[in-house]
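Colleague:
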Amino acid sequence: MAQQPQTQAVQPTTSYIKGDIVLFRNVERFWLGQPGHTFVGRVERSWRHADTGKVLYDLTELGSLSYRAGIDPDYMRPLPATDAMHDIDTAPLREPDTGAMTPAAVAWLRQHLVRGISTLPAPHA
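Numbering-wise (this note's numbering), the sequence shown opens with residue 566 and increments by one.
1) Starting from D623, follow the beta strand (DSSP E) in both directions and report where the run begins and ends.
2) Under 8 Å between the Cβ atoms of R633 and G606?
3) Can you give the Cα-Cα distance for D648 and A615, rounded to whole angstroms?
4) Please identify the residue among L644, F604, E593 whose C-alpha is closest to the C-alpha of S580.
5) Who are the Cβ neighbours of E626 in its own chain at under 7 Å, not counting the five residues just before and after it?
6) Kindly list the residues whose CB is nearer than 6 Å to the CB of F595, restricted to its own chain and excluding five residues on each side of it in sequence; keep chain order.
7) Would DSSP call Y581 helix, strand or coil?
8) May I have the straight-line CA-CA distance separating G618 from D652, to the nearest angstrom?
9) Taking the CB atoms as reference points, tell me whether V620 and D585 lie closer together than 8 Å.
10) Taking the C-alpha atoms as reference points, what is the distance between Y622 and L630?
11) Could you name the residues of the same chain whose beta carbon sits closer than 7 Å to that of V592, not counting the 5 residues immediately before and after it, in chain order?
12) Decide if I636 is buried, meaning its Cβ has at least 16 other Cβ atoms within 10 Å, or exposed.
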């Protein structure tokens, strides 16, 4: 009886550039059940480890503005702007009840109107 080859899930390799916003998980803290294992960070630089040749990243943890060096990209995920802005992009601006909008959409709308702009931007086609 021939055995079927087993395949393993392979994460696609992602390269990050300075300024990218990412989610990082400290795997040791995570598996030990310790708090503070996951944070949002901004990429400050990338560099190649002298011994392993692996590309590592230095991040600024945005919650505390702490600098974290030597972050393994296997435990980082990009936080795309489209995801962060989805609630604003899909806000029901035609509804009279602003309670139906998310707080981010309401904040954007208020900021836009406070600037003295009497009309809102045209909707995307």
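For each residue, glycine too, the CB sits at the ideal point set by N, CA and C.
Keep in mind the model is a prediction, meaning the values are calculated, not measured.
Modeller: Taking the structure as given:
1) Here residue 623 refers to the residue found at position 58 of the sequence shown. Per DSSP, D623 belongs to the beta strand (DSSP E) from 620-626.
2) Indexing the sequence shown from 1 puts residue 633 at position 68. Indexing the sequence shown from 1 puts residue 606 at position 41. Against a cut-off of 8 Å, the Cβ pair of G606 and R633 comes out as a contact.
3) Here residue 648 refers to the residue found at position 83 of the sequence shown. Here residue 615 refers to the residue found at position 50 of the sequence shown. Cα to Cα, D648 sits roughly 35 Å from A615.
4) As a position in the sequence shown, residue 580 is number 15, starting the count at 1. Comparing Cα positions, the closest option is L644.
5) The sequence position of residue 626 within the sequence shown is 61, counting from 1. Apart from sequence neighbours up to five positions away, the residues of its chain that approach E626 with a beta-carbon distance below 7 Å are F604, G606, R633, ordered along the chain.
6) As a first step, residue 595 is located in the sequence shown; it is residue number 30 there, counting from the start. Only H602 meet the Cβ criterion.
7) Taking the sequence shown and counting its residues from 1, one reaches residue 581 at position 16. If DSSP states are grouped into helix, strand and coil, Y581 belongs with coil.
8) Within the sequence shown, residue 618 is the residue found at index 53, counting from 1. Within the sequence shown, residue 652 is the residue found at index 87, counting from 1. For G618 and D652, the distance between alpha carbons rounds to 40 Å.
9) Numbered from 1 along the sequence shown, position 55 holds the residue referred to as residue 620. Numbered from 1 along the sequence shown, position 20 holds the residue referred to as residue 585. The answer is no: Cβ separation not under 8 Å.
10) For the purposes of this step, residue 622 is taken as the residue at position 57 of the sequence shown. For the purposes of this step, residue 630 is taken as the residue at position 65 of the sequence shown. Their backbone Cα atoms lie some 16 Å apart in a straight line.
11) Position 27 of the sequence shown, counted from the first residue, corresponds to residue 592. Excluding positions up to five away in sequence, the list reads Y640.
12) Sequence index remark: in the sequence shown, residue 636 carries index 71 (1-based). I636 is buried by the Cβ-count criterion.
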